[in-house]
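A short write-up of the structure that comes next.
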Amino acid sequence: MNANDIMTEYVTQSQLAAALGLTTKTLQRYGQLPDGLPSLRLGGRTLYRVATVRDWIAKRETRPNPRRVRQR
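Here it is in structure tokens:
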């Protein structure tokens, strides 16, 4: 495994923001949440592991509440 193989698993903050349609500031806020978006700092850059981002997003998936039956 060479350096290029390793880095394909990671995206920069700007790349992730563009892919998700968010701002980099929003990603920073997500990182500050108690169960926030995991990231790492390397060479002064914030990087995100693609698989970890997918897992983090999947854990936030919610189902709509079923319609409540009106009681009379």
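Residue numbers (the numbering used here): 3 to 74. Ideal Cβ positions, reconstructed from N, Cα and C, are used throughout, including at glycine.
Short Cβ contact (9 angstroms threshold) for residue i with residue j
i: PRO36; j: TYR50; result: no
i: LEU29; j: LEU18; result: yes
i: GLU11; j: ALA53; result: yes
Backbone CA spacing between residue i and residue j [nearest angstrom]
i: VAL55; j: ARG31; result: 15 angstroms
i: ALA21; j: ASN67; result: 29 angstroms
i: LEU42; j: GLU63; result: 24 angstroms
i: ARG65; j: LYS27; result: 27 angstroms
i: TRP58; j: GLY23; result: 16 angstroms
i: GLY76; j: ASN6; result: It is not possible to answer for residue 76, since the shown part of the chain is limited to 3 through 74.
i: MET9; j: ARG69; result: 46 angstroms
Residues that residue i bridges to, as DSSP identifies them
i: VAL13; result: TYR50
i: LEU44; result: ARG47
Cβ-Cβ separation, residue j to residue i (assumed contact under 8 angstroms), whole Å
i: THR14; j: ARG47; result: 6 angstroms
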